[in-house]
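> Take a look at the following structure, please.
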Amino acid sequence: MKVEDFDMFSALLKQRSGLVLTPDKAYLLESRLMPVARKWNMKGLDELAGSVRTRRDEALLRDITEAMTTNESSFFRDQRPFDLFRDVVLPPLLQTRASRRTIRIWSAACSSGQEAYSLCMLLQELGPKTAGWRFEILGTDISSEMVERARAGIYTQFEVQRGLPIQHLVKYFKQVGDKWQINEQIRSMVQFREFNLLGDLSPLGQFDVVFCRNVLIYFDQPTKTRVLENIARLLPPDGVLYLGGAETVLGITERFKPMDNQRGLYVTAASPKLAPAV
Amino acid sequence: MKSCLVVDDSRVVRKVARKILEELSFACTEAEDGRQAMEVCQAAMPDAILLDWNMPVMTGIEFLRRLRKMAGGDRPKVVFCTTENDLAHIQEALSAGANEYIMKPFDSDIIQTKFAQVGLI
Chain B
212 MKVEDFDMFS
222 ALLKQRSGLV
232 LTPDKAYLLE
242 SRLMPVARKW
252 NMKGLDELAG
262 SVRTRRDEAL
272 LRDITEAMTT
282 NESSFFRDQR
292 PFDLFRDVVL
302 PPLLQTRASR
312 RTIRIWSAAC
322 SSGQEAYSLC
332 MLLQELGPKT
342 AGWRFEILGT
352 DISSEMVERA
362 RAGIYTQFEV
372 QRGLPIQHLV
382 KYFKQVGDKW
392 QINEQIRSMV
402 QFREFNLLGD
412 LSPLGQFDVV
422 FCRNVLIYFD
432 QPTKTRVLEN
442 IARLLPPDGV
452 LYLGGAETVL
462 GITERFKPMD
472 NQRGLYVTAA
482 SPKLAPAV
Chain F
13 MKSCLVVDDS
23 RVVRKVARKI
33 LEELSFACTE
43 AEDGRQAMEV
53 CQAAMPDAIL
63 LDWNMPVMTG
73 IEFLRRLRKM
83 AGGDRPKVVF
93 CTTENDLAHI
103 QEALSAGANE
113 YIMKPFDSDI
123 IQTKFAQVGL
133 I
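So the sequence lines, in the order shown, correspond to chains B and F.
Under my numbering, the first residue of the first sequence is numbered 212, with each subsequent residue one higher.
Under my numbering, the first residue of the second sequence is numbered 13, with each subsequent residue one higher.
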């Protein structure tokens, strides 16, 4: 790929999705954009780059952004964040929200929906503890294709074997041909929406817990700061943020602090947990 | 070091599984069918059993039912690993006492996460 084409694509992606593409990722750009070129009946990336420069067709720009921002996912990814949700995050929320019996959770950059559905299954497994509670779970992704996939809740045999205990497969899925679809009841617990994290977050409303794992790693520092500070505005003082294992708030924002001894969990700077002991 | 018995009538599958399991620090033994697997278990119960379904002489499900009735046969974690990939087979395996279930084809990621889920890793 020509250097000026790489620069043009990376500027486009930065502007539209916040994704920062360093030159060592040129191979990724090539492998992911070839299918886009084929879909648009173009001979190769030269022609694709030319078309972006001259026509700036919105549908084409969207296809390019989607192709580059699609990430892998799995059920109960990393497992521990979900154990912590059940054991550390949820119990105090069940106490403090007892009067309204509603908890709102956002799976930001939800990809094909496994994180959101994992939370649904986890909540179902808690049985009587969460009976009578309303859990509003929102999954958003910049890719309309991913949002469609998440809504359908249909996964390959490979996907349902990554992280999903077999009892959960039996209990919550039905077999559709050679694929597996998560059942209607679980699907009805989640709403999926196409949404850009760099946009105005306020229409999403307030959340008690936000999962934003393995997203910030693709952003440059100012973008990370912007996204985290926007998320902070959606959380009440005792709200909780999840980041990926390789991500941090240190040096990026003062609005969140790591939760003691709980890797990947962050509380707001206004959290009652941070109040000095009396 | 934990021990794992790999039961499959295909030498290729046993070899692939063994390599993955050894990388996960399991000491492996092999059996070609359910009867051979019974003999291994009678000599010494392994910590884990990776079990194919369709095999000559004695099938995996038949082996599992006998294993669970043996003295100490409740102890090994049994992970089915089979081309049988329909809900009915999975349910049959679980009710016979299987702890996890892998649908072939598998890779090292799947073996690793399934073994972790049943507490072997």
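Backbone N, C-alpha and C define an ideal beta-carbon position, used for all residues, glycine too.
Between B:Val358 and F:Pro117, what straight-line distance do the alpha-carbon atoms span, to the nearest angstrom?
For this step, residue 358 of chain B is matched to residue 147 along the first sequence. For this step, residue 117 of chain F is matched to residue 105 along the second sequence. Distance between the alpha carbons of B:Val358 and F:Pro117: 28 Å.
> On the criterion of 16 or more Cβ atoms from any shown chain inside 10 Å, does F:Asn111 qualify as buried, or is it exposed?
Reading the second sequence from its first residue, position 99 is the one you call residue 111 of chain F. Its Cβ being crowded by 16 or more others within 10 Å, F:Asn111 is buried.
> Tell me, which residues are paired with B:Tyr383 by DSSP?
Sequence index remark: in the first sequence, residue 383 of chain B carries index 172 (1-based). Per DSSP, none; premise fails for B:Tyr383.
> Three-state secondary structure (DSSP) at B:Ser355?
Numbered from 1 along the first sequence, position 144 holds the residue referred to as residue 355 of chain B. In the structure shown, B:Ser355 sits in a helix (DSSP, three-state: H, G or I).
> Short check: CB of B:Phe422 to CB of B:Tyr383, under 7 Å?
To locate residue 422 of chain B, count along the first sequence from 1; it is residue 211. To locate residue 383 of chain B, count along the first sequence from 1; it is residue 172. Cβ distance not < 7 Å, so B:Phe422 and B:Tyr383 don't count as in contact.
> In angstroms with no decimal places, state the Cα-to-Cα distance between B:Lys435 and B:Thr459.
To locate residue 435 of chain B, count along the first sequence from 1; it is residue 224. To locate residue 459 of chain B, count along the first sequence from 1; it is residue 248. Looking at the two C-alpha atoms, the distance is approximately 10 Å.
> So, at 7 Å on beta carbons, what are the nonlocal neighbours of B:Thr479 in its own chain, with the 5 sequence-adjacent residues on each side left out?
Counted from its first residue, the first sequence places residue 479 of chain B at position 268. Only Ala443, Leu446, Pro448, Gly450, Arg466 and Phe467 meet the Cβ criterion.
> Would a check of beta-carbon distances place F:Gln54 closer than 7 Å to chain B?
The sequence position of residue 54 of chain F within the second sequence is 42, counting from 1. False, the Cβ-Cβ gap to chain B never drops below 7 Å.
> Measure from the C-beta of F:Val102 to each C-beta in chain B and report whether the shortest distance is under 7 Å.
Numbered from 1 along the second sequence, position 90 holds the residue referred to as residue 102 of chain F. Before going further, note that residue 102 of chain F is Ile rather than Val in the sequence given. At least one chain B Cβ lies under 7 Å of F:Ile102.
> If you pair each beta-carbon of the segment 289 to 302 of chain B with each one of the segment 384 to 395 of chain B, do three or more pairs fall below 8 Å?
With the cut-off at 8 Å, the segment 289 to 302 of chain B and the segment 384 to 395 of chain B do not touch.
> Within a Cβ cutoff of 6 Å, which residues of the same chain sit near F:Gln54, ignoring the five residues on either side of it in sequence?
Taking the second sequence and counting its residues from 1, one reaches residue 54 of chain F at position 42. The answer is none, since no qualifying residue turns up.
> Let me see if you follow: with CB-CB separation under 7 Å, is F:Ile73 close to chain B or not?
Numbered from its first residue, the second sequence carries residue 73 of chain F at position 61. Answer no: the Cβ-Cβ gap between F:Ile73 and chain B never drops below 7 Å.
> Between which two residues does the beta strand (DSSP E) harbouring B:Ile397 extend?
Here the question's residue 397 of chain B lines up with position 186 in the first sequence. Run containing B:Ile397: none in the beta strand (DSSP E); it sits in the alpha helix (DSSP H), Glu395 to Arg398.
> Is it buried or exposed, B:Ile428, if we count other Cβ atoms within 10 angstroms and call 16 or more buried?
In the first sequence, the residue the question calls residue 428 of chain B occupies position 217. By the neighbour-count rule (16 or more Cβ atoms within 10 Å), B:Ile428 is not buried but exposed.
> Could you name the residues of chain B that F:Thr125 contacts, counting a contact when the two beta carbons are closer than 7 Å?
As a first step, residue 125 of chain F is located in the second sequence; it is residue number 113 there, counting from the start. The contacting residues are Arg373 and Gly374.
> Go ahead and pull the three-state DSSP assignment for B:Thr436.
As a working mapping, residue 436 of chain B is identified with position 225 in the first sequence. DSSP places B:Thr436 in helix when its eight states are reduced to three.
> Spell out whether any CB of chain B is found under 7 Å from the CB atom of F:Glu96.
To locate residue 96 of chain F, count along the second sequence from 1; it is residue 84. Taking Cβ atoms only, chain B never reaches closer than 7 Å to F:Glu96, which makes this a no.
> Leaving out the 5 sequence neighbours to the left and right, which residues in its chain are closer than 7 Å to F:Thr71 when beta-carbon positions are compared?
Within the second sequence, the letter at position 59 stands for residue 71 of chain F. Gly46 and Trp65, listed in sequence order.
> Which residues share a DSSP beta bridge with B:Val478?
As a working mapping, residue 478 of chain B is identified with position 267 in the first sequence. Paired residue(s): B:Val451 and B:Lys468.
> Where does the unbroken alpha helix (DSSP H) through B:Ile275 begin, and where does it stop?
Numbered from 1 along the first sequence, position 64 holds the residue referred to as residue 275 of chain B. Note, B:Ile275: alpha helix (DSSP H), Glu269 to Thr280.
> Which whole-angstrom value is the C-beta distance of B:Arg373 and F:Asp121, which I expect to be below 8 Å?
Residue numbering aside, residue 373 of chain B sits at position 162 when the first sequence is read from its first letter. Residue numbering aside, residue 121 of chain F sits at position 109 when the second sequence is read from its first letter. The pair is a contact, with the Cβ atoms about 6 Å apart (cut-off 8 Å).
> Considering only their Cβ atoms, is the gap separating B:Glu356 from B:Glu277 smaller than 7 Å?
For this step, residue 277 of chain B is matched to residue 66 along the first sequence. For this step, residue 356 of chain B is matched to residue 145 along the first sequence. A contact, by the Cβ cut-off of 7 Å.
> If you measure from the beta carbon of F:Met13 to each beta carbon in chain B, is any gap under 7 Å?
To locate residue 13 of chain F, count along the second sequence from 1; it is residue 1. Closer than 7 Å: no.
> Could you give the residue range of the alpha helix (DSSP H) that holds F:Phe127?
Here residue 127 of chain F refers to the residue found at position 115 of the second sequence. Element bounds for F:Phe127: Ser120 to Gln129.
> Against B:Val387, what residues of chain F qualify as contacts under a CB-to-CB distance less than 8 Å, listed in chain order?
The residue labelled residue 387 of chain B in the question sits at position 176 within the first sequence. Going along chain F, no residue has its Cβ under 8 Å from B:Val387, so there is no contact; the nearest lies around 11 Å.
> Examine the Cβ distances between the segment 326 to 343 of chain B and the segment 23 to 39 of chain F and report whether three or more of them are shorter than 8 Å.
Because the criterion of three Cβ pairs below 8 Å is not met, the segment 326 to 343 of chain B and the segment 23 to 39 of chain F do not touch.
> From B:Ala309 to B:Glu347, what does the alpha carbon distance come to, in whole angstroms?
Start at 1 with the first residue of the first sequence, and residue 309 of chain B comes out as number 98. Start at 1 with the first residue of the first sequence, and residue 347 of chain B comes out as number 136. Distance between the alpha carbons of B:Ala309 and B:Glu347 is about 15 Å.
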